[in-house]
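This report refers to the structure that appears directly beneath it.
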Amino acid sequence: MTDNAVLRLRAERLARATRPFLARGNRVQRCQSCLLPQKLCLCDEISAQSARSRFCLVMFDTEPMKPSNTGRLIADILPETQAFGWSRTEPDPALLAAVANTDYQPMVVFPESYADSDRPVLNSPPLSGKPPLFIMLDGTWTEARKMFRKSPWLDALPVMSLRLTTPSGYTLREAHGAGQHCTAEVAAELLRQAGDEAAAQALSAHFTLFRQRYLAGKPHHPAHFTAEATENV
């Protein structure tokens, strides 16, 4: 069993739900920590790491409840990760406090093409000074753009616009456009470029295993039959 900020946010969201949240594959019996099918649970294989970098996930309404969410993987590997639900008009005071924490360098991870011309933009993480606080807007691409546009309390922060040249290996949801990567993939590259190599490798490995087992739990995916064959050996 694991515990992290995303799972706590998920529990809070479920507690105030007025009707059941039915994600794809909702009939599958899932582990309530890793959200994989119980027979494919990877909780015992999670190995937490330490890192200089910090992450703050700002999650759109139902994102923490989706089994396919990868922001949760960051919190698995880096237990100090913070996670908050997004609100346009009433941001969580704890989120505002986290963003204003003077012990860190806060920056919003988002493509620079969406930033105003006078907004500071970084293309690689800072390697000196205070540790970076990477604020990641976690949702579908449409939701992330909405959060970026309608979060005035983030407007004064620089944008961290990472350039990834390798193709995404996510495939658990349809990408909005070519070249887009999921939250965990972006976080792993941020860690790597920030000098947190051990944490980057751990997150990449965790993401790869999660992706493999998630696909293996889909009845009509080839990975499902490979997993069944392995179990029967």
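The sequence shown begins at 23 in the working numbering and counts up one residue at a time.
Even glycine gets a Cβ: it sits at the ideal position worked out from N, Cα and C.
| Asked | Found |
| --- | --- |
| Where Asp66 sits in the DSSP three-state scheme | helix |
| Coarse secondary structure for Tyr130, derived from DSSP in three states | Note that residue 130 corresponds to Val in the displayed sequence, not to Tyr. If DSSP states are grouped into helix, strand and coil, Val130 belongs with the strands. |
| Ala37 versus Met87 - alpha carbon distance | 12 Å |
| Host alpha helix (DSSP H) of Val121 (start-end) | 115–121 |
| Alpha carbon of Leu31 to alpha carbon of Thr164, nearest angstrom | 21 Å |
| Spatial distance of Phe82 from Trp108 (CA atoms) | 5 Å |
| Proximity of Pro153 and Arg74 at Cβ, strictly below 8 Å | yes |
| Backbone secondary structure at Phe106 - three-state DSSP | strand |
| Val80 - containing beta strand (DSSP E), residue span | 76–81 |
| Environment of Glu34 [buried if 16+ CB atoms lie within 10 Å] | exposed |
| C-beta atoms of Arg235 and Leu64 nearer than 8 Å | yes |
| Touch test, the region 127–134 against the region 53–70, Cβ-Cβ under 8 Å, three pairs minimum | no |
| Alpha-carbon spacing of Asp138 relative to Glu67, whole angstroms | 43 Å |
| Cross-strand partners of Asp160 (DSSP beta bridge) | Met81 |
| Distance between Cys204 and Lys240 (C-alpha atoms, nearest Å) | 19 Å |
| Beta-carbon contacts of Ala27 that lie in its chain and below 6 Å, excluding the five residues immediately before and after | Ala97, Thr103, Gln104, Ala105 |
| Ala224 classed as buried or exposed, judged by whether at least 16 other C-beta atoms fall within 10 angstroms | buried |
| Pair within 8 Å by beta-carbon distance, Glu211 and Leu186 | yes |
| Under 8 Å between C-beta atoms of Leu100 and Phe77 | yes |
| Straight-line Cα distance separating Arg214 from Ser150 | 15 Å |
| Ala206 vs Phe170 beta-carbon contact at 8 Å | no |
| Top-ranked residue by Cα proximity to Ser173, from Leu155, Asp114, Ser183 | Asp114 |
| Helix, strand or coil at Arg185 [DSSP, three-state] | coil |
| Pro147 to Ala238 span [Cα, whole Å] | 35 Å |
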